[in-house]
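If you read the protein sequences in the order shown, they are chains Y and F. Per my numbering, residue 1 is the first one in the first sequence, and the count goes up by one each step. Per my numbering, residue 1 is the first one in the second sequence, and the count goes up by one each step. Glycine is no exception: its CB is placed at the ideal position from the N, C-alpha and C atoms. Nothing here was measured: the structure is a model prediction, and the numbers come from that model.
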Amino acid sequence: MIRNFFIYLTVLVVGILFFASMVLFAIPAFQESTIVLAGLSANSSGASDAGADREAIETDISKLQKKLDSFTPTNAYMIVNTSDNHFYLYKGKQLLRDGVCSTGKNEKLVSAERNYEHTFYTPFGVRKILRKSTNPVWKKPDWAFIEDGMPIPSPNDPSRWETGTLGAYKLEIGDGYMIHGTIYKRRMGMSVTHGCIRLLDEDLEAVYKTMEVGSKVYIY
Amino acid sequence: MKENSVEDFDSLFVEKRSGVRKYIILIIVLSVLGLTSIYTYLSVSAVRDRMKVAHDLAQGSPEINSSLFKQLKEKAWLESRIKMAANDSIGLSIDLEQLRIQLELKGVVVMSSKIRDCSVSGFFRKMDGNVYFTMFGTPLTIEQFKSSIAKNPFKVVEAPKDTIAAQAAADAAAKKDSLADENVFWTVKLNRGFDLDIQGIDSIAEAQKKYEFGKGFEFERNLKNIVSSFQHILKFSKPSYTPEILISIPENEAKAILRALPRNALVTIKI
Numbered sequence: 001m002i003r004n005f006f007i008y009l010t011v012l013v014v015g016i017l018f019f020a021s022m023v024l025f026a027i028p029a030f031q032e033s034t035i036v037l038a039g040l041s042a043n044s045s046g047a048s049d050a051g052a053d054r055e056a057i058e059t060d061i062s063k064l065q066k067k068l069d070s071f072t073p074t075n076a077y078m079i080v081n082t083s084d085n086h087f088y089l090y091k092g093k094q095l096l097r098d099g100v101c102s103t104g105k106n107e108k109l110v111s112a113e114r115n116y117e118h119t120f121y122t123p124f125g126v127r128k129i130l131r132k133s134t135n136p137v138w139k140k141p142d143w144a145f146i147e148d149g150m151p152i153p154s155p156n157d158p159s160r161w162e163t164g165t166l167g168a169y170k171l172e173i174g175d176g177y178m179i180h181g182t183i184y185k186r187r188m189g190m191s192v193t194h195g196c197i198r199l200l201d202e203d204l205e206a207v208y209k210t211m212e213v214g215s216k217v218y219i220y
Numbered sequence: 001m002k003e004n005s006v007e008d009f010d011s012l013f014v015e016k017r018s019g020v021r022k023y024i025i026l027i028i029v030l031s032v033l034g035l036t037s038i039y040t041y042l043s044v045s046a047v048r049d050r051m052k053v054a055h056d057l058a059q060g061s062p063e064i065n066s067s068l069f070k071q072l073k074e075k076a077w078l079e080s081r082i083k084m085a086a087n088d089s090i091g092l093s094i095d096l097e098q099l100r101i102q103l104e105l106k107g108v109v110v111m112s113s114k115i116r117d118c119s120v121s122g123f124f125r126k127m128d129g130n131v132y133f134t135m136f137g138t139p140l141t142i143e144q145f146k147s148s149i150a151k152n153p154f155k156v157v158e159a160p161k162d163t164i165a166a167q168a169a170a171d172a173a174a175k176k177d178s179l180a181d182e183n184v185f186w187t188v189k190l191n192r193g194f195d196l197d198i199q200g201i202d203s204i205a206e207a208q209k210k211y212e213f214g215k216g217f218e219f220e221r222n223l224k225n226i227v228s229s230f231q232h233i234l235k236f237s238k239p240s241y242t243p244e245i246l247i248s249i250p251e252n253e254a255k256a257i258l259r260a261l262p263r264n265a266l267v268t269i270k271i
């Protein structure tokens with residue numbers, strides 16, 4: 001009786017293994033085979049005299065390629081990779097400089113006590129340099145005090161003004177976001193900012209001198 | 001005449017039982033073969049149904065001269081990328097001829113990566129003419145994302161009560177977003193009925209190692225396939241056939257692309 005049970009079990013296990021290997025390997029391979037896929041090539045006529053058509057299509061291709069190339073700015077522009085915290089400074093197709101940067105920390109700061117919340121992230125998309133300035137002074141917004149566990153001062157309180165924090169240069173890209181320097185150099189390459197793009201001093205100087213007002217910044 | 005003994009009677013019974021055993025084994029073998037045949041038939045008809053859908057969509061388009069196919073394909077690829085550039089969001093372009101995957105924003109290539117390895121369903125290799133242009137002539141739209149890592153990792157942080165708590169929070173936040181021990185793979189459903197799978201690998205050896213330890217992308221897919229196959233057999237229903245494009249690129253780039261693409265991003269493909 002027990003012997004019979006083991007024989008049935010063995011046959012059953014072998015059967016299941018056979019079936020599993022068919023489902024995993026043999027049937028998918030058969031699905032991709034020529035016999036099954038025959039007949040998908042339709043509506044294509046044979047190679048006829050297509051000289052004139054070919055020329056016309058090649059002219060179109062050349063025009064389309066030019067149009068596509070025209071999307072790339074000819075003046076300086078910057079690409080920021082927020083995933084790797086890396087920036088690239090280009091002029092046309094030529095890479096002028098690249099290096100480490102810091103971008104938004106993707107965090108929502110919530111204070112139930114003060115009924116306040118603010119989201120820190122670097123927005124993706126295309127932006128333009130709106131303004132440039134040297135030796136910027138930072139006017140600390142409310143979130144800077146909430147994040148530091150401090151009381152929020154009045155809008156024009158002197159404690160809101162801070163020098164040196166943003167480095168030697170500042171390039172504004174709209175909605176309060178900026179490209180600037182930092183005093184927290186050991187955190188470069190990390191997603192730690194409140195949404196701005198932080199650069200090291202030498203990189204910031206190169207970007208400041210190369211990018212004009214109106215230059216594009218591509219962020220992803 | 002010899003009289004029947006007790007032994008003779010027992011031997012008759014054992015013989016009968018052995019016949020039943022053979023009969024049961026035969027039933028099991030025939031059942032397995034029957035189920036396999038049914039499943040093969042259902043799987044093949046699923047492919048044929050998918051092909052019919054592709055043909056129906058392409059019907060009515062003008063005939064394409066096969067000698068111009070290469071040029072027309074290049075033209076369609078450029079036109080598709082220009083259409084994608086008209087969109088404000090980041091799009092993905094995949095050139096399987098040049099083995100290159102790119103993120104494009106308003107027509108500007110913001111990231112370009114060499115494809116290390118790729119595999120394409122036979123469905124794509126077999127199609128030509130109008131079916132190709134119906135599938136890839138214009139940008140595709142992503143309908144669904146599935147990924148092994150968070151697509152948009154966002155933390156909610158309670159504001160600190162005082163300056164000491166604030167300092168501790170700042171130190172904790174400085175920890176780098178590391179890729180250690182992360183398997184980066186993601187798959188998207190595209191609006192023309194096929195899947196695009198992206199696997200992050202830094203070397204072929206690493207990919208094989210992951211597969212051996214059962215952590216890899218293909219292992220998980222195989223497991224899902226087998227479970228779904230049994231479900232279809234139990235219901236005697238046709239399994240779905242979804243053609244796939246599997247692309248392997250470096251892990252950090254697979255992660256960057258996943259996080260950069262918006263939910264309904266446009267994708268342009270050249271095969």
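Query: Count the other C-beta atoms from every protein chain shown that fall within 10 angstroms of the C-beta of F/S248, then say buried if there are 16 or more, exposed otherwise.; Result: buried
Query: Between the alpha carbons of Y/K140 and F/V188, how many angstroms are there, rounded?; Result: 42 Å
Query: Using a Cβ-Cβ cut-off of less than 9 Å, give me the residues of the stretch 44-74 of chain F that come near chain Y, in sequence order.; Result: V44, A46, V47, R48, M51, A54, H55, A58, Q59, S61, P62, E63, I64, N65, S66, S67, L68, F69, Q71, L72, E74
Query: Quick check: is the beta carbon of F/E182 nearer than 7 Å to any beta carbon in chain Y?; Result: no
Query: Does F/I269 get closer than 7 Å to chain Y when you measure Cβ to Cβ?; Result: no
Query: Pull up the distance between the alpha-carbon of F/S80 and that of F/P250, whole angstroms please.; Result: 26 Å
Query: For Y/T193, which of Y/L166, Y/K105, Y/F25 has the nearest alpha-carbon?; Result: Y/K105
Query: Should F/P62 go down as buried or exposed, given a rule of 16 or more other Cβ atoms within 10 Å for buried?; Result: exposed
Query: Can you confirm whether F/L179, when its beta carbon is compared against all beta carbons of chain Y, has any partner nearer than 7 Å?; Result: Only weak support is given to the placement of F/L179: the predicted model assigns it a pLDDT of 48, under 50, and the question is left unresolved by the model.
Query: Using a 10 Å radius around the Cβ and a threshold of 16 neighbouring Cβ atoms, would you call F/I198 buried or exposed?; Result: buried
Query: Does DSSP put F/K106 in a helix, in a strand, or in coil?; Result: coil
Query: DSSP puts F/N295 in a beta bridge; with which residues?; Result: Chain F is shown from 1 up to 271; residue 295 of chain F falls before or after that span and cannot be answered.
Query: Within 7 Å of any Cβ in chain F, is that where the Cβ of Y/A20 sits?; Result: yes
Query: Please classify Y/I18: does DSSP put it in a helix, a strand, or coil?; Result: Reading off the sequence, residue 18 of chain Y comes out as Phe, not Ile. Three-state result, Y/F18: helix.
Query: If we count Cβ pairs, one from each stretch, closer than 8 Å, do we get three or more for the stretch 75-93 of chain F versus the stretch 154-162 of chain F?; Result: no
Query: What residues from chain Y crowd round F/N87, counting only those whose CB sits closer than 9 Å?; Result: Near F/N87 there are no residues of chain Y at all, since even the closest Cβ is about 11 Å away, more than 9 Å.
Query: Can you grab the Cα-Cα spacing for the pair Y/G214 / Y/L130, in whole Å?; Result: 6 Å
Query: Is the CB of F/N264 under 7 Å away from at least one CB in chain Y?; Result: no
Query: Assign Y/V150 to one of three DSSP states: helix, strand, or coil.; Result: Per the sequence presented here, residue 150 of chain Y reads as Met, with Val not at that position. Coil at Y/M150, not helix or strand.
Query: Roughly how many whole angstroms lie between the Cα atoms of F/S291 and F/V32?; Result: Within the shown structure, residues of chain F are numbered from 1 to 271, placing residue 291 of chain F beyond reach of any answer.
Query: Could you tell me the distance, in whole angstroms, from the CA atom of Y/I146 to the CA atom of Y/C196?; Result: 18 Å
Query: Based on DSSP bridge pairs, tell me the residues matched to F/W186.; Result: F/S147, F/I198
Query: Starting from Y/V213, follow the beta strand (DSSP E) in both directions and report where the run begins and ends.; Result: Element bounds for Y/V213: n/a, residue is neither H nor E.
Query: Let me make sure I understand the geometry here. Which of F/V29, F/Y241, F/R21, F/V20 has the alpha-carbon closest to that of Y/F18?; Result: F/V29
Query: Can you find a C-beta in chain Y that's less than 7 Å from the C-beta of F/D162?; Result: yes
Query: For Y/G99, which residues does DSSP report across the bridge?; Result: Y/F87
Query: Using a 10 Å radius around the Cβ and a threshold of 16 neighbouring Cβ atoms, would you call Y/E113 buried or exposed?; Result: exposed
Query: Look at the alpha carbon of F/L57 and the alpha carbon of F/L190, and state the distance between them as a whole number of angstroms.; Result: 16 Å
Query: So with CB distances below 7 Å, who are the chain Y contacts of F/S229?; Result: V23
Query: In this structure, how does DSSP classify F/L223 when only helix, strand and coil are distinguished?; Result: helix
Query: Would you kindly work out how many angstroms separate the C-alpha atoms of Y/W143 and F/R259, rounded to a whole number?; Result: 26 Å
Query: Tell me, please, which residues DSSP counts as bridged to Y/A76.; Result: Y/K91
Query: Terminal residues of the continuous alpha helix (DSSP H) containing F/R125?; Result: 122-126
Query: With DSSP as the reference, label F/L179 as helix, strand or coil.; Result: At F/L179 the pLDDT is 48, less than 50, meaning the model places this residue with poor confidence; the figure from the coordinates comes in the next sentence. Coil at F/L179, not helix or strand.
Query: Between the stretch 100-117 of chain Y and chain F, which residues of the former have CB atoms less than 8 Å from a CB of the latter, in chain order?; Result: K105, N106, E107, K108, L109, V110, S111, A112, E113, R114, Y116
Query: Would you mind telling me which residues of chain F sit closer than 8 Å to Y/E162, beta carbon to beta carbon, in chain order?; Result: Correct list: empty, because the minimum Cβ distance to chain F is about 16 Å.
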